[in-house]
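Engineer: Under our numbering, think of the first position of the sequence shown as 235, with each following residue one higher.
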Amino acid sequence: MKRLLTLLAVLTIGGSQVAFANPELQKIIDDPNQWAIQTGDYANQRYSKLDQINKDNVGKMQVAWTFSTGVLRGHEGSPLVIGDMMYVHAPFPNTVFALDLSKEGQIVWKYEPKQDADVIPVMCCDTVNRGVAYADGKIFLHQADTTVVALDAKTGKVVWSVKNGDPKKGETNTATVLPVKDKLIVGISGGEFGVRGSVTAYSIADGKLLWRGYSMGPDSDTLIDPEKTTHLGKPVGADSGLNTWEGDQWKIGGGTTWGWYSYDAEENLIYYGSGNPSTWNPSQRPGDNRWSMTIFARDADTGVAKWVYQMTPHDEWDYDGINEMILTEQEIDGKARKLLTHFDRNGFGYTLDRVSGDLLVAEKYDPAVNWATEVVMDPKSDQYGRPQVVAQYSTEQNGEDVNSTGVCPAALGTKDQQPAAYSPKTQLFYVPTNHVCMDYEPFRVSYTAGQPYVGATLSMYPAPGSHGGMGNFIAWDGKEGKIKWSLPEKFSVWSGALATAGDVVFYGTLEGYLKAVDSETGKELYRFKTPSGIIGNVMTYTHGDKQYVAVLSGVGGWAGIGLAAGLTNPNEGLGAVGGYAALSDYTALGGTLTVFSLPN
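See the structure below:
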């Protein structure tokens with residue numbers, strides 16, 4: 235506790251004084267004609283006020299232009315648009331292109347980092363990157379080898395760079411970054427290699443490390459105040475990141491932070507989730523394994539956690555909690571509340587009060603979910619906030635070297651990182667989902683730095699007794715915790731959604747279709763087959779008073795790892811290769827940006 239108080243004093247008085255908002259960046263984010271950060275806005279709503287393309291004319295949309303990245307792995311994330319410039323990123327080796335939209339997409343500059351190819355086998359689930367961010371005249375990239383780079387937005391020259399981790403220990407990166415005030419918020423990947431997760435704030439100006447909060451460890455590491463940080467309304471107590479671990483297992487405890495970040499400027503809080511505990515064999519790590527599988531609300535200036543909520547204590551299925559936190563303002567029981575909605579890998583859609591951390595809703599957003607019956611909502615119960623595990627699907631209760639069959643969802647979750655969208659017009663969330671189940675057999679594994687630390691064999695397949703496909707695209711009421719409509723898909727929907735003021739919702743499919751549907755009814759209004767499967771996120775912008783919709787295609791990611799990496803053993807790709815084997819009948823590799831507009 236003394237070390238934490240000393241750190242807080244230093245942060246408040248010296249090294250990282252309280253910073254005010256970044257007005258230039260906020261102005262660009264608020265301008266619907268531009269797209270400055272991957273999430274569209276700090277609330278992670280992925281909603282655009284543009285309505286030139288709307289439900290009445292979207293059926294006339296056509297391809298305006300295309301751009302090839304020259305890379306044949308999975309393309310996640312989206313381009314950015316700042317004024318006349320578009321910034322496009324690619325998976326490993328993480329090339330960044332600056333395109334001049336006023337000159338028909340002419341390449342103004344190209345950044346080509348020189349990374350050691352040895353980082354590739356250390357990356358779980360493809361060599362993806364979820365994109366760059368803009369702030370203060372700089373483009374920020376977090377490379378696969380954990381090098382964080384600030385590039386001059388006009389020239390592409392490196393302004394500063396810093397190493398955030400060590401690939402030799404299994405530390406890599408697949409995520410984007412989030413500029414907040416004078417800080418750049420950065421996570422880390424490597425939960426399948428025993429990496430202890432953390433979130434770090436660097437100075438936007440010069441790359442100086444300002445604070446770092448770990449997912450587990452002593453309070454001085456986790457930046458948790460034992461008396462003020464709460465879990466479901468109660469103080470967490472001293473060393474909460476240690477006392478649910480056995481021995482030193484927390485040092486290789488996982489809880490990595492490779493997902494999305496959101497920010498509430500009024501509360502000055504950053505929200506994000508932590509991933510699975512290491513290993514995937516639950517018998518090797520008794521206890522709740524705090525704070526893996528946890529929603530964090532951290533002070534942007536100090537990194538200190540205001541509240542935490544652990545969704546899947548003592549995870550037994552690899553249900554990482556890293557999916558996006560979507561911030562909204564809605565009425566609950568007639569009272570205006572500042573809400574946070576999160577669609578977890580574990581198959582439950584959560585709504586919390588993002589100021590207090592109070593749990594308001596926890597319901598299944600796929601009826602196939604069977605590993606737990608419910609999340610207890612009675613604050614008086616000793617099980618409050620905990621999922622009630624079904625013994626049949628408990629990989630720990632069934633034991634090591636025993637195959638637990640028919641577990642729903644599969645390890646890649648009812649939804650993985652592919653972000654949902656929210657429309658304030660309909661007050662509905664539009665969620666790309668996986669409709670996939672698994673067999674899961676844990677086995678004992680030993681830790682060696684830089685080597686896989688998984689400890690389970692998986693196989694995946696479509697949810698039985700359903701439509702036969704592996705995905706749905708749904709509309710969700712976050713206040714009621716109910717599905718409003720659902721569209722079946724042949725494969726998982728692995729792209730990020732976009733909702734617009736034109737009453738249209740866009741998403742992409744693994745076969746390569748960009749689809750547009752009516753935000754109220756889900757009726758399909760448009761589809762176009764792009765050159766490869768879509769795992770990128772749909773975005774929109776204007777140029778020359780004309781609205782455009784853009785999406786990266788390039789099959790890969792966890793679902794498409796068999797195609798992307800040329801794998802054929804059904805158990806490879808942590809079980810995804812066999813589950814998605816049929817994908818090769820519908821699409822092939824290739825990284826392309828496709829930009830759409832209405833005809834002139």
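Positions of the beta carbon are idealized from the N, C-alpha and C atoms, including for glycine.
Are Glu723 and Thr743 close, meaning C-beta to C-beta below 8 angstroms?
Structural biologist: The answer is yes: Cβ separation under 8 angstroms.
Engineer: Would you mind reading off the limits of the beta strand (DSSP E) that contains Asn668?
Structural biologist: That run of the beta strand (DSSP E) goes Leu662 to Asn668.
Engineer: Rounded to whole angstroms, what's the CA-CA distance from Tyr543 to Ala798? Just pull it up for me.
Structural biologist: Taking the straight line joining both Cα atoms gives about 35 angstroms.
Engineer: From the DSSP output, in three-state form, read off Lys780 for me.
Structural biologist: Three-state result, Lys780: strand.
Engineer: Among Tyr553, Gln340 and Tyr775, whose alpha-carbon lies nearest the alpha-carbon of Phe301?
Structural biologist: Comparing Cα-Cα distances from Phe301 to each of Tyr553, Gln340 and Tyr775, the minimum goes to Gln340.
Engineer: Taking only three categories from DSSP, how would you classify Leu574?
Structural biologist: Note: Leu574 maps to strand in three-state DSSP.
Engineer: By Cβ distance, which residues of its chain are closer than 7 angstroms to Trp343, with the 5 residues on each side in sequence left out?
Structural biologist: The answer, listed in chain order, is Ala332, Thr389 and Gly390.
Engineer: Per the contact definition of three or more C-beta pairs closer than 8 angstroms, is the region 434-445 in contact with the region 407-424?
Structural biologist: Yes, the region 407-424 touches the region 434-445.
Engineer: Starting from Leu797, trace the alpha helix (DSSP H) both ways and give me its first and last residue.
Structural biologist: First-last of the alpha helix (DSSP H) with Leu797: Ile795 to Ala799.
Engineer: Ends of the alpha helix (DSSP H) at Asp453?
Structural biologist: Segment Asp453 to Thr456, the alpha helix (DSSP H) holding Asp453.
Engineer: Could you check what DSSP says for Thr629 in three-state terms: helix, strand or coil?
Structural biologist: Three-state DSSP puts Thr629 in a helix.
Engineer: Excluding sequence positions up to five away, which residues of its chain have a Cβ less than 8 angstroms from the Cβ of Lys372?
Structural biologist: Counting only Cβ-Cβ distances below 8 angstroms, and skipping sequence neighbours, we find Ala384, Leu385, Asp386, Ala387, Val393 and Ile438.
Engineer: Which residues bound the alpha helix (DSSP H) around Asp264?
Structural biologist: Element bounds for Asp264: Pro257 to Asp264.
Engineer: Check whether the region 661-669 touches the region 703-715, taking contact to mean three or more Cβ pairs, one atom from each stretch, closer than 8 angstroms.
Structural biologist: Touching, per the Cβ criterion.
Engineer: For Gln781, count the other beta carbons within 10 Å of its own beta carbon; 16 or more makes it buried, fewer makes it exposed. Which is it?
Structural biologist: Buried, by the Cβ-count rule.
Engineer: Does the region 561-578 touch the region 488-505, meaning 3 or more C-beta pairs lie closer than 8 angstroms?
Structural biologist: The region 488-505, when compared against the region 561-578, does touch it at the 8 angstroms Cβ threshold.
Engineer: For my contact list, Asn363 and Gly311 are in at a C-beta cut-off of 8 angstroms; report their separation, rounded to the angstrom.
Structural biologist: Confirmed, Cβ separation roughly 7 angstroms.
Engineer: Taking the C-alpha atoms as reference points, what is the distance between Val589 and Met527?
Structural biologist: So the two alpha carbons sit approximately 20 angstroms from each other.
Engineer: How long is the line joining the alpha carbons of Trp484 and Arg430, rounded to whole angstroms?
Structural biologist: Using only the alpha carbons, I get a separation of about 8 angstroms.
Engineer: Could you have a look at Leu593 and say whether DSSP puts it in helix, strand or coil?
Structural biologist: Correct three-state label for Leu593: strand.
Engineer: For Lys348, write down the residues that DSSP places opposite it in a beta bridge.
Structural biologist: The partner list for Lys348 (beta bridge, DSSP) is empty, contrary to what the question assumes.
Engineer: Looking at the structure shown, is Gln251 part of a helix, part of a strand, or coil, going by DSSP?
Structural biologist: Note that Gln251 scores a pLDDT of 44, beneath 50, so its modelled location is shaky and nothing firm can be said.
Engineer: Val414 and Ala534 look like a contact to me (Cβ under 8 angstroms); what is the Cβ gap, rounded to whole Å?
Structural biologist: Sure, about 5 angstroms apart at Cβ, within 8 angstroms.
Engineer: Over the uninterrupted alpha helix (DSSP H) stretch that includes Val811, give me the two end residues.
Structural biologist: Its alpha helix (DSSP H) spans residues Ala810 to Gly813.
Engineer: Below 7 angstroms CB to CB, which residues in the same chain sit around Gly702 once its five sequence neighbours on both sides are set aside?
Structural biologist: Around Gly702: Pro696.
Engineer: Take Gln622 and list the residues in its own chain whose beta-carbon comes closer than 7 angstroms to its own, dropping the five residues that flank it on each side.
Structural biologist: Cβ neighbours of Gln622 beyond the five flanking positions: Ala606, Thr607, Glu608 and Val610.
Engineer: Using the C-alpha atoms, what's the distance from Val738 back to Asn515?
Structural biologist: When rounded, the distance between both Cα atoms is 43 angstroms.
Engineer: Based on Cα-Cα distance, which residue from Gly730, Ser693, Gly467 and Val396 lies nearest to Met672?
Structural biologist: Comparing Cα positions, the closest option is Ser693.
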